[in-house]
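Peer 1: Supplied in structure tokens, the structure appears directly below.
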């Protein structure tokens, strides 16, 4: 049995296997259900406010960075290789931090940078999301302020929300268990080794740990340690703003533990950054857990501010029709709320436009494709450029096979999954259908196994006693095998019947045991010197017992009768004359 969190581990289970229910070979156990390996729960690392981090193994800490840091990367000699960087800078207020960008490097082939205002840089070339970098890598817009990068082949997902300086990294347990390092720690379910430096040293000093993952060529100043609780800050009117997590968000407490968010909120307010990043992060994580709280009226200074004329919707699915979605179909939707253009407006690169102001892209001349399947046809798309693509026609109707023929369907064209049918004969040369049986005689049966394949077999009869008297010979139901139903005779023995004994005009007062010798004794005859010698044995009494029986006669008199009762019998040589008792 393989579990969702043990796939591809370096050390496999060595315990003996036992009988029981188990998942099929292509699936693994996740809790109480079997799932495909790619559907296993992923290791998840997240951060918000540019300073608050939760590792893959759910250890939370606060680090005051001011450089470019390695959030997560695959360990050396692990393939596919990836590296995810965070560029943290000062912004706004002196103590405020901003997550300027998230950079993802994959196998030294791609360097993809997610930036604010939906900008994306691919190998140094900047464009606007959404971007299909390859068939394997896409950057999509999750909301007007959130970008999501998906690398399908390795199932890595990175999201970046610039409004609250947050990020999320998901890597599959099946591929990267115990194979990651960085500020997000090692994805191995052991939080005690999350604060591991590049040289393998495990430390409890957060600043030392964080700075050890700074990019060497970062031209920035290592930040000094800000005040820590409770040394420089006590619960006061400022930190009481964090109580909203305890009160308004109470419904979410059973789903998401609020402790680390409250501590982060108090830390930020004590360092003059305000409570907003922690509150927004808790709101977002609650929504992802299925609990949406409309909290912004309780904390207006933290309310999301969308670029006019956009409006913010906290709960429900928010979909934005865009200029490109009108041209190429497909709206941008977020299940976690977000900024939304008003009705009759379309979104375009982070702004809202009236439909008449949307312009089509410049369409390069593109020759129509050559359809690889004869079951396809060219269809013009309802997009801005009117592109043409191959779509499958309805598959042709398959013919009906004639009598005594069976259909064999095969997929001739995997592109459209259209089958072709061959009709093959399904009977033997004698006209018998495949699978049928028939009798040649009472003891021989033949079967049409397949086309041109007939097998025959004879019934095997049990042994038969040729000395069986003819009157006891019978046939089986198929009249193939003989059997002997001669009654089996018992050996010589005492036969006992109970009845009223009658002697002349008198009867016994009570029923009496009347016995006789009955059964088989051996007899034989042979010629000796041309003279017949016969040895005849009869079943005769061996031992008897004389009983006194009280008799009553019809004239009213009574008397005692001597009655002989047989107690054992034997086979004796005799002329087999009748013996009376």
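Residue numbers (my numbering): 2 to 582. Every residue, glycine too, gets a C-beta built ideally from N, C-alpha and C. Keep in mind it's a predicted model, so treat the numbers as computed, not measured.
Would you mind listing the beta strand (DSSP E) stretches within the segment 416-462 that are 3+ residues and don't spill past its ends, in chain order?
Peer 2: 419-426, 438-442, 445-451 and 454-459
Peer 1: Kindly give me the distance between the Cβ atoms of residue 521 and residue 492, rounded to whole angstroms, as I take these residues to be in contact under 8 Å.
Peer 2: Walking along the chain shown from the start, residue 521 turns up at place 520. Walking along the chain shown from the start, residue 492 turns up at place 491. With 8 Å as the limit, residue 521 and residue 492 qualify as a contact, their Cβ atoms being about 6 Å apart.
Peer 1: For residue 98, list the residues DSSP reports as bridge partners.
Peer 2: Your numbering for residue 98 matches position 97 in the chain shown. DSSP output for residue 98 lists 91 as bridge partner(s).
Peer 1: Compute the Euclidean distance between the alpha carbons of residue 570 and residue 545, then round it to the nearest angstrom.
Peer 2: Position 569 of the chain shown holds residue 570. Position 544 of the chain shown holds residue 545. Answer to the nearest angstrom: the Cα atoms are 9 Å apart.
Peer 1: Three Cβ pairs or more, each shorter than 8 Å: is that satisfied between the segment 101-119 and the segment 77-89?
Peer 2: yes
Peer 1: Can you tell me which of 422, 395, 396 and 413 puts its alpha carbon nearest to the alpha carbon of residue 407?
Peer 2: Along the chain shown, one-based indexing puts residue 407 at 406. With distances taken between Cα atoms, residue 407 lies closest to 422.
Peer 1: If we ignore side chains and look at the alpha-carbon of each, how far apart do residue 541 and residue 573 end up?
Peer 2: Within the chain shown, residue 541 is the residue found at index 540, counting from 1. Within the chain shown, residue 573 is the residue found at index 572, counting from 1. C-alpha separation (whole angstroms): 6 Å.
Peer 1: Taking only runs of the beta strand (DSSP E) that begin and end inside the segment 119-143, which ones reach a length of at least 3 residues, in chain order?
Peer 2: Counting whole runs of 3 or more residues, the segment 119-143 contains the beta strand (DSSP E) stretches 120-123 and 126-129.
Peer 1: Note down the Cα distance separating residue 97 from residue 165, rounded to an integer number of angstroms.
Peer 2: Counted from its first residue, the chain shown places residue 97 at position 96. Counted from its first residue, the chain shown places residue 165 at position 164. Near 12 Å, if we compare the C-alpha coordinates of residue 165 and residue 97.
Peer 1: Who pairs with residue 551 in a beta bridge, going by DSSP?
Peer 2: Numbered from 1 along the chain shown, position 550 holds the residue referred to as residue 551. Residue 551 is bridged to 561.
Peer 1: Ends of the alpha helix (DSSP H) at residue 283?
Peer 2: Working through the chain shown from its first residue, we reach residue 283 at position 282. It spans 277-289 - the alpha helix (DSSP H) in which residue 283 sits, taken as one unbroken run.
Peer 1: Sort 53, 70 and 71 by Cα distance to residue 63 and report the nearest one.
Peer 2: Here the question's residue 63 lines up with position 62 in the chain shown. Answer by Cα proximity: 53.
Peer 1: Can you tell me whether residue 52 is helix, strand or coil according to DSSP?
Peer 2: The count along the chain shown starts at 1 and reaches residue 52 at position 51. In the structure shown, residue 52 adopts coil according to DSSP, grouped into three states.
Peer 1: Going by the beta-carbon positions, is the gap between residue 514 and residue 566 smaller than 8 Å?
Peer 2: Your numbering for residue 514 matches position 513 in the chain shown. Your numbering for residue 566 matches position 565 in the chain shown. Cβ distance < 8 Å, so residue 514 and residue 566 count as in contact.
Peer 1: Three-state secondary structure (DSSP) at residue 271?
Peer 2: As a first step, residue 271 is located in the chain shown; it is residue number 270 there, counting from the start. Note: residue 271 maps to helix in three-state DSSP.
Peer 1: Rounded to the nearest angstrom, what separates residue 28 and residue 175 at their Cα positions?
Peer 2: For the purposes of this step, residue 28 is taken as the residue at position 27 of the chain shown. For the purposes of this step, residue 175 is taken as the residue at position 174 of the chain shown. Rounded to whole angstroms, residue 28 to residue 175 spans 12 Å at the Cα level.
Peer 1: Since residue 153 and residue 76 should fall inside the 8 Å C-beta cutoff, what is the C-beta to C-beta distance between them, to a whole number of angstroms?
Peer 2: Within the chain shown, the letter at position 152 stands for residue 153. Within the chain shown, the letter at position 75 stands for residue 76. About 22 Å; that fails the 8 Å criterion.
Peer 1: Near residue 411, which residues of its chain fall below 7 Å by C-beta distance, leaving aside the five closest residues on each side in sequence?
Peer 2: Taking the chain shown and counting its residues from 1, one reaches residue 411 at position 410. If we look at residue 411 and ignore the five residues flanking it on each side, its Cβ neighbours are 420 and 421.
Peer 1: What does DSSP give as the partner residues of residue 591 in its beta bridges?
Peer 2: One cannot answer for residue 591 here, as it falls past the ends of the chain, which runs 2 to 582.
Peer 1: Give the C-beta separation of residue 162 and residue 147 to the nearest angstrom, bearing in mind that I take them to be a contact with Cβ-Cβ under 8 Å.
Peer 2: Along the chain shown, read from residue 1 onward, the residue named residue 162 stands at position 161. Along the chain shown, read from residue 1 onward, the residue named residue 147 stands at position 146. Confirmed, about 4 Å.
Peer 1: What did DSSP end up calling residue 62 once you bin it into helix, strand or coil?
Peer 2: Indexing the chain shown from 1 puts residue 62 at position 61. Three-state result, residue 62: strand.
Peer 1: If you drop the 5 nearest sequence neighbours on each side, which residues of the same chain put their C-beta closer than 8 Å to that of residue 283?
Peer 2: Residue mapping note: residue 283 aligns to position 282 of the chain shown, counting from 1. Closer than 8 Å at Cβ, skipping near neighbours: 246, 250, 253, 257, 259 and 262.
Peer 1: Between 539, 403 and 555, which has its C-alpha nearest residue 425's C-alpha?
Peer 2: To locate residue 425, count along the chain shown from 1; it is residue 424. Nearest of 539, 403 and 555 to residue 425, Cα basis: 403.
Peer 1: Assuming residue 71 is part of the beta strand (DSSP E), what are its boundary residues?
Peer 2: Numbered from 1 along the chain shown, position 70 holds the residue referred to as residue 71. That run of the beta strand (DSSP E) goes 69-75.
Peer 1: Which of the three DSSP states, helix, strand or coil, is assigned to residue 245?
Peer 2: As a first step, residue 245 must be located in the chain shown, where it is residue number 244. The answer is helix: DSSP assigns residue 245 an H, G or I state.
Peer 1: Can you have a look at residue 23 and say buried or exposed, based on whether 16 or more other CB atoms are within 10 angstroms of its CB?
Peer 2: What you label residue 23 is simply residue 22 of the chain shown in a count that begins at 1. Looking at its Cβ environment, which holds fewer than 16 other Cβ atoms inside 10 Å, residue 23 is exposed.
Peer 1: Using the Cα positions of residue 111 and residue 124, report the straight-line distance between them to the nearest angstrom.
Peer 2: Taking the first residue of the chain shown as position 1, residue 111 is located at position 110. Taking the first residue of the chain shown as position 1, residue 124 is located at position 123. Distance between the alpha carbons of residue 111 and residue 124 is about 6 Å.
Peer 1: Residue 113 and residue 134 look like a contact to me (Cβ under 8 Å); what is the Cβ gap, rounded to whole Å?
Peer 2: As a working mapping, residue 113 is identified with position 112 in the chain shown. As a working mapping, residue 134 is identified with position 133 in the chain shown. Confirmed, about 7 Å.
Peer 1: Give the single residue among 269, 301, 503 and 339 whose Cα lies nearest to the Cα of residue 293.
Peer 2: Working through the chain shown from its first residue, we reach residue 293 at position 292. Out of 269, 301, 503 and 339, 339 has the C-alpha closest to the C-alpha of residue 293.
Peer 1: Could you tell me which of 210, 118, 149 and 443 sits nearest to residue 308, measuring between CA atoms?
Peer 2: One-based indexing of the chain shown puts residue 308 at position 307. Comparing Cα positions, the closest option is 118.
Peer 1: Which value, in whole angstroms, describes the spacing of the CA atoms of residue 137 and residue 207?
Peer 2: Translated into positions along the chain shown, residue 137 becomes position 136. Translated into positions along the chain shown, residue 207 becomes position 206. About 36 Å.
Peer 1: For a test of the three-state rule: what should DSSP assign to residue 408, helix, strand or coil?
Peer 2: Walking along the chain shown from the start, residue 408 turns up at place 407. If DSSP states are grouped into helix, strand and coil, residue 408 belongs with the strands.
Peer 1: If you check the beta carbons only, do residue 429 and residue 453 fall under 8 Å apart?
Peer 2: Locating residue 429 in the chain shown gives position 428, counting from the first residue. Locating residue 453 in the chain shown gives position 452, counting from the first residue. In this structure, residue 453 lies closer than 8 Å to residue 429 by Cβ.
Peer 1: Which two residues bound the contiguous beta strand (DSSP E) that contains residue 527?
Peer 2: Taking the first residue of the chain shown as position 1, residue 527 is located at position 526. Segment 525-529, the beta strand (DSSP E) holding residue 527.
Peer 1: Am I right that residue 435 and residue 449 are in contact with their C-beta atoms under 8 Å? What's the rounded C-beta distance?
Peer 2: Against the chain shown, residue 435 aligns to sequence position 434. Against the chain shown, residue 449 aligns to sequence position 448. Correct: roughly 5 Å between the Cβ atoms.
Peer 1: Figure out for me which residue from 354, 276 and 553 has the closest Cα to the Cα of residue 303.
Peer 2: Within the chain shown, numbered from 1, the residue matching residue 303 stands at position 302. Selected option, being the one with the closest Cα: 276.
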